[in-house]
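Which chain is which? The protein sequence lines are U and Z, in order. Convert by adding 1341 to the 1-based position in the first sequence; the result is the number in this note's numbering. Convert by adding 9 to the 1-based position in the second sequence; the result is the number in this note's numbering. Written out below as structure tokens is the structure these notes cover.
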Amino acid sequence: MTQRNRLATNEVDLVAVSVAGAVAHPGFPGLPAEPYRLATDGTPFLLPTYGGIVYNVSVGERAFGWAADCIHPGVSIRQADDNQNRGLNIFACVGNRARVMTGGAAGTLGVVTGKSGRFSEQVIVHIPREDRTRMTVGDDVLIRAEGVGLTLTNHPDVSLKGISPELLAALPAQEEEGHVAFGVAAQVPAHLVGAGLGLTSEGGSLHMQSTDRELLAELGLDRLRLGDLVALEDTDSRYNHGYLRGARAIGVVASTDGPRSGYGPGIAILMTAPAGQLGSFESPDTNLVQLLGLED
Amino acid sequence: MDKGLRWNFDELVEMAVTGKVSQPALRRGGYVHRPDGVGEVLPGMYGITYNARVGDRAFGWAGDHVEPGVSIAHVEERADYALHYLTCIGNEAEVQTGLARGAKGVVTGEHARLLVDFAPEMLEGLTIGDTIQIRSLGRGLRLESHPGIEFKKTSPSLARALDLRSDGGRVSCPVAMELPPRIMGSGAELNSEFVDQDLMSGDRPLMAELGIDRMRLGDLVGIRDVDHRFGRSYRKGWVAVCLCIHGDSVMTGHGPGILTLMTGPAELLDFHLDPDANIAHTLGIRNMA
């Protein structure tokens, strides 16, 4: 794990609670069982999408270029009951410790690396690659949920969202009076923020847009990796996600790109501030693999 | 109508779809949250809205997502999707039951419910649960002279009323205002055949600076650098022309509802400003003098 920053928090006041989910099975809509989704130009496509145990895509790898639609790296879990699933999705924080409780990989430790939003609503857990091969769909994964309620003592205008105290402490940070900035791999302009706008910022995710491939290449955003920290410009994520000049949101790339309009890589938002209290600076290798010491 | 425009009106099939006047419903708790988190309980969605009508202001109501006129839905899910996907803006509606039976209205929007305008005196006879039938017409509409432009939810009556101008290969639509793509928000997660995408009004000074806070329900609006064919996303060199269907919201990422009517590459589709570009005026719903 990288050097801890020295930002003051209320970490000692946090309550750690258990939340659990079962490894989700990939799903398709019912009869007539239309298997296609439509790409941004209307072309039908049939590709793997979110859910399940993903063997060959892990945090740290590229977010673009997979033959897939918004794949979650590692293992995705959820609760069958929507209210309980909401509890899982909100209380689980990126960086929290997870543990496989049943099946062939029982006892294996993992780490929460992201979440997904409307229409999938799963929590994404990194489990070492080899251990994934011993798991089965339906296995229970328990998370020690800790982070909801976390605040930065000297920066009360920065709202923290679903970030564990360990991850917060591991982020590259620069602090000044009334302002705190974090290192990010990339900055996303407001006009490339997509699906998730107007939806809840407690849990879930906010996708960047990837329809305009030339623009992504120009901005270098097509080189993003899963687990990269990114800043969204002019984005207020305090209560829902939306446009506001001077606001900023910082999150982690949680799922891969996809062909659908509005659904580029999904970003689990970790913090936000409305009026310049939160900044970001270039720090190319700021990725969960290094920050949390994820084991391949 | 511009002689350079050729439509496929004679190919379109006209079908009846129905919905019932909806009863307002709230989530448990009832709050909607402002950007600073403060909760409010506000009316606006569902039901019969007596005092907000297409042509009225979109901003400044003590309401949230105000749906002008009468909001109707079908109780059966699949039939409700047919109501959503077959109905087009400008379609004729008629009350089938109750004291207002026989009253004629016009479809002015599609939100989570279909929005139908009736003359204010007709609203007095309507009750929750009354059946309203729509003669849906417009799905499959094409501008044969300009096949590169895609139309959504545009009835022939709206197509005629838009006052499109053709200049060689390019068509231009009058719009009341232009919106920047960076403020297009909630609805980005949906397909663009379904309902609308809210403009994000959370930056209040920006709304005033750009004059967006003067938007009216029923205004045509233009957006550059967006592709609304299959979903709604940023794409340089594409254009969408849309319709304001519901009022502003206090919630982050929300605001007046912007429903896609047409989209295409900028070399084929353009828009020009005209303060009268509002369907209350162009469809003859209200005298907007």
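Note that CB positions come from ideal geometry on N, CA and C, so glycine has one too.
field: Where Gln1550(U) meets chain A, residues with beta-carbon distance less than 8 Å
entry: The question asks about chain A, but that chain is absent: this structure's protein chains are U and Z.
query: Where do the ends of the beta strand (DSSP E) carrying Glu1516(U) lie?
result: Ala1514 to Glu1517
task: Give a single yes or no on whether Pro1513(U) has its beta carbon closer than 7 Å to a heavy atom of the ligand HEM.
output: With respect to small molecules bound, the structure shown includes none, and the ligand HEM cannot be examined in it.
- prompt: What do you get for Gly1605(U), buried or exposed, if any count of 16 or more other CB atoms within 10 angstroms of its CB means buried?
  reply: buried
- request: Alpha carbon to alpha carbon, how far is Lys12(Z) from Arg1459(U)? Give it in angstroms, no decimals.
  value: 46 Å
- prompt: Per DSSP, what kind of secondary structure is Met1342(U) in: helix, strand or coil?
  reply: Per-residue confidence for Met1342(U) stands at a pLDDT of 46, beneath the threshold of 50, marking its modelled position as unreliable; the derived number appears in the next sentence. In the structure shown, Met1342(U) sits in coil (DSSP, three-state: anything other than H, G, I, E or B).
task: Kindly indicate if chain U contains any beta-carbon less than 8 Å away from that of Gly262(Z).
output: yes
message: Pairs of beta-carbons, one from the region 1419-1437 of chain U and one from the region 1501-1511 of chain U, closer than 8 Å: are there three or more?
response: yes
- request: Please check the pair Asp139(Z) and Ala102(Z), which I expect to be a contact at CB under 8 Å, by giving their CB distance rounded to whole angstroms.
  value: So it is not a contact: roughly 11 Å between Cβ atoms.
message: Please identify, using Cβ separations under 9 Å, the residues of the region 1531-1560 of chain U that lie next to chain Z, in order along the chain.
response: Ala1531, His1532, Leu1533, Val1534, Gly1535, Ala1536, Gly1537, Leu1538, Gly1539, Leu1540, Ser1542, His1548, Gln1550, Ser1551, Thr1552, Asp1553, Glu1555 and Leu1556
query: Closest to Gly17(Z) by CA distance: which of Pro33(Z), Ala217(Z) and Leu146(Z) is it?
result: Before going further, note that residue 17(Z) is Asn rather than Gly in the sequence given. Measuring from the Cα of Asn17(Z), the nearest candidate turns out to be Leu146(Z).
task: Express the C-alpha separation of Asp45(Z) and Leu135(Z) in angstroms, rounding to a whole number.
output: 38 Å
- prompt: Touching or not, the region 231-246 of chain Z and the region 1542-1559 of chain U, by the rule of three or more beta carbon pairs under 8 Å?
  reply: yes
message: I want to verify the contact list: residues of chain U whose CB lies under 7 Å from the CB of Ile192(Z), in sequence order.
response: Tyr1584
- request: Mind listing the chain Z neighbours of Asp1577(U)? Cutoff is C-beta to C-beta under 8 Å, in chain order.
  value: Pro44, Gly211 and Thr261
- prompt: In the structure shown, what three-state DSSP assignment does His290(Z) receive?
  reply: helix
field: For Asp283(Z): DSSP bridge partner residues
entry: None; Asp283(Z) has no bridge partner.
- prompt: Got a sec, what are the start and stop residues for the beta strand (DSSP E) Ile1431(U) sits in?
  reply: Not the beta strand (DSSP E): Ile1431(U) falls in the alpha helix (DSSP H), residues Asp1423 to Phe1432.
task: Taking the CB atoms as reference points, tell me whether Gly1362(U) and Arg238(Z) lie closer together than 8 Å.
output: no
query: Based on the DSSP output, what are the partners of Ser242(Z) in its beta bridges?
result: Asp236(Z)
- prompt: Relative to the C-alpha of Asp172(Z), which residue among His281(Z), Ala25(Z) and Met54(Z) is closest?
  reply: His281(Z)
- prompt: What residue does the alpha helix (DSSP H) around His93(Z) start on, and which one ends it?
  reply: Glu86 to Leu95
field: Span of the beta strand (DSSP E), counted from its first residue to its last, around Arg174(Z)
entry: Arg174 to Asp176
message: Counting beta carbon pairs with one atom in the region 1521-1538 of chain U and one in the region 1353-1373 of chain U, are three or more of them shorter than 8 Å?
response: no
message: Applying the 10 Å Cβ sphere with the 16-neighbour rule, what's the burial state of Glu85(Z)?
response: exposed
message: Could you tell me the alpha carbon to alpha carbon distance between Asp1577(U) and Ser1546(U), rounded to whole angstroms?
response: 14 Å
query: Assuming His93(Z) contacts Glu119(Z) under a Cβ cut-off of 8 Å, what Cβ separation, rounded to an integer in Å, is found between them?
result: 6 Å
task: Say whether the region 257-265 of chain Z touches the region 1576-1595 of chain U, bearing in mind that this needs 3 or more beta-carbon pairs closer than 8 Å, one atom from each stretch.
output: yes
- prompt: DSSP puts Pro1385(U) in a beta bridge; with which residues?
  reply: Leu1379(U)
message: Against chain Z, with Cβ distances strictly below 8 Å, would Arg1403(U) count as a contact?
response: no
message: Please classify Ala1588(U) as buried or exposed, where buried requires at least 16 neighbouring CB atoms within 10 angstroms.
response: buried
query: Rounded to whole angstroms, how far is the Cβ of Arg225(Z) from the Cβ of Cys251(Z), which I believe are closer than 8 Å?
result: Going by Cβ atoms, the distance from Arg225(Z) to Cys251(Z) rounds to 14 Å, so no, they are not a contact pair.
field: Proximal residues to Gly69(Z) (C-beta, below 8 Å), its chain only, five neighbours per side dropped
entry: Asp222 and Asp257
query: If you measure from the beta carbon of Leu1491(U) to each beta carbon in chain Z, is any gap under 8 Å?
result: no
message: Ignoring anything shorter than 4 residues, give me the alpha helix (DSSP H) runs that lie fully in the region 32-101 of chain Z, in order along the chain.
response: 86-95
Three or more C-beta pairs below 8 Å linking the region 192-201 of chain Z and the region 1531-1541 of chain U: yes
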